[in-house]
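Data block below; observations after.
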Amino acid sequence: MTAVAVVDRTPAARLPSPPGDLAIWIFILAELLVFGLLFVAYAFARAGDVALFNHHQQGLDQAAGLINTLLLVTGSYFVARAVAAVRGGSGRVCALWLAAGFGTGVLFVAVKFGEYADKFAAGVSLSTNTFYMFYLGLTFFHLMHVLMGMVILAVVAQKAWRGGYSRVEHAGVETGAAYWHMVDLVWLILFPLLYVMR
Amino acid sequence: MQFKSQAVSKPYFIAAIGLFVAQILFGLIMGLQYVMGDFLFPHIPFNVARMVHTNALIVWLLMGFMGAAYYLVPEESETELFSPKLAIALFWIFLVAAALTVVGYLLVPYATLAKMTGNDIIPTMGREFLEQPLITKVGIVIVALAFLFNITMTVLKGRKTAINTVLLVGLWGLAIFFLFSFYNPDNVVRDKFYWWWVVHLWVEGVWELILGAILAFVLIKTTGVDREVIEKWLYVIISLALITGIIGTGHHYYWIGTPEYWQWWGSIFSALEPIPFFAMVIYAFNIVNRRRREHPNKAATLWALGTAVMAFLGAGVWGFLHTLAPVNFYTHGTQITAAHGHMAFYGAYAMIVLTMISYAMPKLRGMGEAASERAQLTEMWSFWLMTVSMVFITLFLTGAGVLQVWLQRYSEAPQAFMAVQEQIKIFYWMRETAGLVFFTGLVLYVISHFVGGPTGAKAKARA
């Protein structure tokens, strides 16, 4: 009977409830609500002037957008591997995967800055028109979340490297991973919405 | 009281209550002037009464925040205050400066006051809520810096907790954003733009950190719930408050000469501002329901729960009412704004200071954990009188505002401002009546501090 009780405490048995800290899920839901509202506002604005939105959408660098999508999806994979690693009990491996995830974040930011530099050189600003207002506003707000996610990954990776997590107690890694996946998920909607959908 | 130096908070709390009484008296004068324009003219004209009403509010809340910090920080940091003497000296400097400023407002015409106090050197006066003479503003900065030095040194030498860290960030933010009151560009758009960095980023930014920290402290003390749980909620709530509140500044940037995109950002982000306040209601009730002890100070718990509910209604719901740009197009600067302002300031900030006073005062006065049951009963009566009458003040002002929007702005044949004011007088009379009930509650609140009787344990022993 004691053995059963111990088994019940393993991470696998806890999986049905959200992994990580419950507080991060409240936070994630709130964040998704913010982005959701922004997307609805975008839809309303676009419905008001479809021609303007379609025209200026062609001015965006779709290749850069696609590269960034691949980077974030890859980053999410790395972070998922990090969680698997710590569940297997290897904190150092976990830290390395997290560092790789952080690396995809760095590349994402670099690509994004390149895009912004192009647009600013072309004289685009928040006041250019409603489409660019949303493009700059939404991507910048998302970029802030990428940076926030990178800070979280860095903190968690450092703790994992020092052996701060174990096979049983690693809620911190799951919490950080959940936030990073949220950043990725939002981009997966943002990218088609801004760059692709006609 | 665990640390001797916590006692320095007592004069701050007493002064806060005194200024609160003054604020309400001037509120009643103004309320009457809405319907009897020449009441007390020329001795106290409307603009002067309004200035005293709003400035006294800000000063008593600052007194309350400082008192709360002096009480809370030593206990959280588990060490004596860095310098109790400095805290007492600052108290007298701040009180005398505030008193002299009010005397200046009342005795000298505002323009003369400006000349007397060196407004020519750096013109900062004449702007709503920032009317203080230059020397008063400089005084506020000096007091704030010395206060922050004292508090920061205390935290640095003691235990660092989420609560004292959040409080410290909030207080530093308060001081830093006040510096924008010295920036007064000639361009009136720029002037308003940065004016909101003081006004908005105070009440919908850094003050929310102070509110969150004080509420968390009182909840830990009165419920005995794990610090870890409460701190987690505190982090979630302040993050939400900052995300929505900072960009939410945009709801003040509609049609004042700022770029059009603020209508989008202001609307979207401030529409989400009720969320952290709603989370605060759930959290406060949840924590109280999970309490591990029955704290004898029932009044403090009532104030804490009341703060969460009234902050949500006043700041959250009444703010949302007119925050969307298409709505605000009609409601801007009407009595709807006044309705929101009253309930939000009372619900979020007046009540959190009263919560802290309610928790700390019995200890500061050596009564033990709580005041006598009779005193608490009186205090709870004052809670209900003030809170319910504030709900009515808000509802009457909302009624006035809706009618004002309709007659003056929305209708096909808009009427002139004063013609409309004449027609909404009935609401002003009802507001004034509710104001008198509020004042009665406030008097009862002051009296509750002088009510004796056996304390909780003794009362039970007698029964």
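These protein sequence lines map, in sequence, to chains A and B. As numbered in my numbering, residues 487 to 684 make up the first sequence, in order. As numbered in my numbering, residues 629 to 1091 make up the second sequence, in order. Glycine is no exception: its CB is placed at the ideal position from the N, C-alpha and C atoms. Quick caveat: nothing in here was measured; it's all calculated off a predicted structure.
Report, in whole angstroms, the separation of the C-beta atoms of H968/B and W946/B, which I expect to be a contact under 8 angstroms. Along the second sequence, one-based indexing puts residue 968/B at 340. Along the second sequence, one-based indexing puts residue 946/B at 318. Confirmed, Cβ separation roughly 4 angstroms.
Cβ-based burial, P702/B [other Cβ within 10 Å; buried from 16]: Translated into positions along the second sequence, residue 702/B becomes position 74. With 16 or more other Cβ atoms within 10 Å, it is buried.
Check whether chain A comes within 7 angstroms of L900/B, counting only Cβ atoms and requiring the distance to be less than that. One-based indexing of the second sequence puts residue 900/B at position 272. Closer than 7 angstroms: yes.
Distance check for K713/B and A635/B, CA to CA, integer angstroms please. Translated into the one-based positions of the second sequence, residue 635/B becomes position 7. Translated into the one-based positions of the second sequence, residue 713/B becomes position 85. One C-alpha to the other measures close to 11 angstroms.
Nearest to F588/A by alpha carbon, out of S503/A, V536/A, Y665/A? Working through the first sequence from its first residue, we reach residue 588/A at position 102. Selected option, being the one with the closest Cα: Y665/A.
How is Y651/A classed by DSSP in three states: helix, strand or coil? Locating residue 651/A in the first sequence gives position 165, counting from the first residue. The answer is coil: DSSP assigns Y651/A none of H, G, I, E or B.
Output, in sequence order along the chain, the residues in the stretch 879-894 of chain B whose CB is closer than 8 angstroms to any CB in chain A. P887, E888, Y889, W892, W893
If we cut at 7 angstroms on Cβ distances, does V864/B have a partner in chain A? Within the second sequence, residue 864/B is the residue found at index 236, counting from 1. At least one chain A Cβ lies under 7 angstroms of V864/B.
Quick check: the Cα distance between L829/B and R818/B, rounded to an integer number of angstroms? Along the second sequence, read from residue 1 onward, the residue named residue 829/B stands at position 201. Along the second sequence, read from residue 1 onward, the residue named residue 818/B stands at position 190. Roughly 16 angstroms between the two C-alpha positions.
Closer than 9 angstroms by beta-carbon distance: list the chain A residues that pair up with I871/B, in chain order. Numbered from its first residue, the second sequence carries residue 871/B at position 243. Those are A516, E517, V520, listed as they occur along chain A.
With a cut-off of 8 angstroms on the beta carbons, I'd call E660/A and P505/A a contact; round off their distance for me. Here residue 660/A corresponds to residue number 174 of the first sequence, with the count starting at 1. Here residue 505/A corresponds to residue number 19 of the first sequence, with the count starting at 1. The Cβ separation is near 4 angstroms, so the contact holds.
Name the chain B residues that come within less than 8 angstroms of I675/A, Cβ to Cβ? Residue 675/A sits at position 189 when you count from the first residue of the first sequence. Near I675/A there are no residues of chain B at all, since even the closest Cβ is about 16 angstroms away, more than 8 angstroms.
If you run the structure through DSSP and keep just helix, strand and coil, what is M668/A? The residue given as residue 668/A occupies position 182 in the first sequence. Correct three-state label for M668/A: helix.
Is the beta carbon of Y733/B closer than 7 angstroms to that of M691/B? Translated into positions along the second sequence, residue 691/B becomes position 63. Translated into positions along the second sequence, residue 733/B becomes position 105. Going by C-beta atoms, M691/B is not nearer than 7 angstroms to Y733/B.
Assuming N792/B contacts E704/B (C-beta within less than 8 angstroms), just tell me the rounded distance between them. One-based indexing of the second sequence puts residue 792/B at position 164. One-based indexing of the second sequence puts residue 704/B at position 76. With 8 angstroms as the limit, N792/B and E704/B qualify as a contact, their Cβ atoms being about 4 angstroms apart.
Chain B residues whose Cβ lies nearer than 8 angstroms to that of G623/A: As a first step, residue 623/A is located in the first sequence; it is residue number 137 there, counting from the start. The contacting residues are Y889, W892, W893.
To the nearest angstrom, report how far apart A841/B and H1077/B are at their CA atoms. Working through the second sequence from its first residue, we reach residue 841/B at position 213. Working through the second sequence from its first residue, we reach residue 1077/B at position 449. If I take the Cα positions, the gap works out to 25 angstroms.
Is DSSP giving D604/A helix, strand or coil here? Within the first sequence, residue 604/A is the residue found at index 118, counting from 1. It is helical.
G767/B versus A725/B - alpha carbon distance: In the second sequence, residue 767/B corresponds to position 139, counting from 1. In the second sequence, residue 725/B corresponds to position 97, counting from 1. In a straight line, the C-alpha of G767/B is about 7 angstroms away from that of A725/B.
Among G1029/B, I657/B, E1050/B, which residue has its Cα nearest to the Cα of V676/B? Reading the second sequence from its first residue, position 48 is the one you call residue 676/B. Ranking G1029/B, I657/B, E1050/B by Cα distance to V676/B puts I657/B first.
How big is the Cα-Cα spacing for L723/B and K645/A? Taking the second sequence and counting its residues from 1, one reaches residue 723/B at position 95. Taking the first sequence and counting its residues from 1, one reaches residue 645/A at position 159. For L723/B and K645/A, the distance between alpha carbons rounds to 48 angstroms.
Just to check my reading of the structure: P924/B and A998/B have Cβ atoms closer than 8 angstroms, yes? What is that Cβ distance to the nearest angstrom? Looking up residue 924/B in the second sequence gives position 296. Looking up residue 998/B in the second sequence gives position 370. Contact holds; Cβ gap of about 4 angstroms.
Does the distance from the CB of A928/B to the CB of L862/B come in under 7 angstroms? Locating residue 928/B in the second sequence gives position 300, where the first residue counts as 1. Locating residue 862/B in the second sequence gives position 234, where the first residue counts as 1. Going by C-beta atoms, A928/B is not nearer than 7 angstroms to L862/B.
Of all the options A585/A, A533/A, V520/A, L622/A, which has the alpha carbon lying nearest to the alpha carbon of V672/A? Looking up residue 672/A in the first sequence gives position 186. Ranking A585/A, A533/A, V520/A, L622/A by Cα distance to V672/A puts V520/A first.
With a Cβ-Cβ cutoff of 7 angstroms, do S1000/B and Y1073/B count as a contact? Residue 1000/B sits at position 372 when you count from the first residue of the second sequence. Residue 1073/B sits at position 445 when you count from the first residue of the second sequence. No, these two residues do not count as a Cβ contact at 7 angstroms.
S860/B touches chain A at which residues, Cβ-Cβ below 9 angstroms? Taking the first residue of the second sequence as position 1, residue 860/B is located at position 232. The sequence given here has Lys at residue 860/B, not Ser. Correct list: D507, L508, A509.
Candidates A932/B, P904/B, T1026/B, of which the one nearest A517/A by Cα: Working through the first sequence from its first residue, we reach residue 517/A at position 31. Here the sequence assigns Glu to residue 517/A, which means Ala is not the residue at that position. Measuring from the Cα of E517/A, the nearest candidate turns out to be P904/B.
Proximity test, Cβ basis, 7 angstroms: L992/B and chain A: Taking the first residue of the second sequence as position 1, residue 992/B is located at position 364. Chain A contact via Cβ: absent.
Along the alpha helix (DSSP H) that carries P639/B, what are the first and last residues, could you check? Residue 639/B sits at position 11 when you count from the first residue of the second sequence. From DSSP, the alpha helix (DSSP H) with P639/B extends over 637-663.
Step through the CB atoms of chain A and report whether any lies within less than 7 angstroms of the CB of L843/B. Looking up residue 843/B in the second sequence gives position 215. No, L843/B does not count as interfacial toward chain A.
Please identify the residue among A527/A, R567/A, Y602/A whose C-alpha is closest to the C-alpha of L629/A. Locating residue 629/A in the first sequence gives position 143, counting from the first residue. Per the Cα distances, Y602/A.
Closest by CA to I874/B, which one among T752/B, V769/B, F897/B, P670/B? Locating residue 874/B in the second sequence gives position 246, where the first residue counts as 1. Minimum Cα distance to I874/B is reached at F897/B.
Which residue marks the beginning of the alpha helix (DSSP H) containing A1071/B, and which one marks its end? Here residue 1071/B refers to the residue found at position 443 of the second sequence. At residue 1071/B the sequence reads Val, which differs from the Ala that was named. First-last of the alpha helix (DSSP H) with V1071/B: 1053-1076.
Given that L796/B touches chain A, what residues does it touch there, using C-beta distances under 7 angstroms? Taking the second sequence and counting its residues from 1, one reaches residue 796/B at position 168. By Cβ distance, chain A contributes nothing, its closest Cβ being about 20 angstroms from L796/B, past 7 angstroms.
Which word fits Q630/B, buried or exposed, when buried means at least 16 other C-beta atoms lie within 10 angstroms of its C-beta? Along the second sequence, one-based indexing puts residue 630/B at 2. Flag for Q630/B reads exposed.
Proximity to F973/B [Cα-Cα], best of H681/B, L992/B, H880/B, N815/B: In the second sequence, residue 973/B corresponds to position 345, counting from 1. Nearest of H681/B, L992/B, H880/B, N815/B to F973/B, Cα basis: H681/B.
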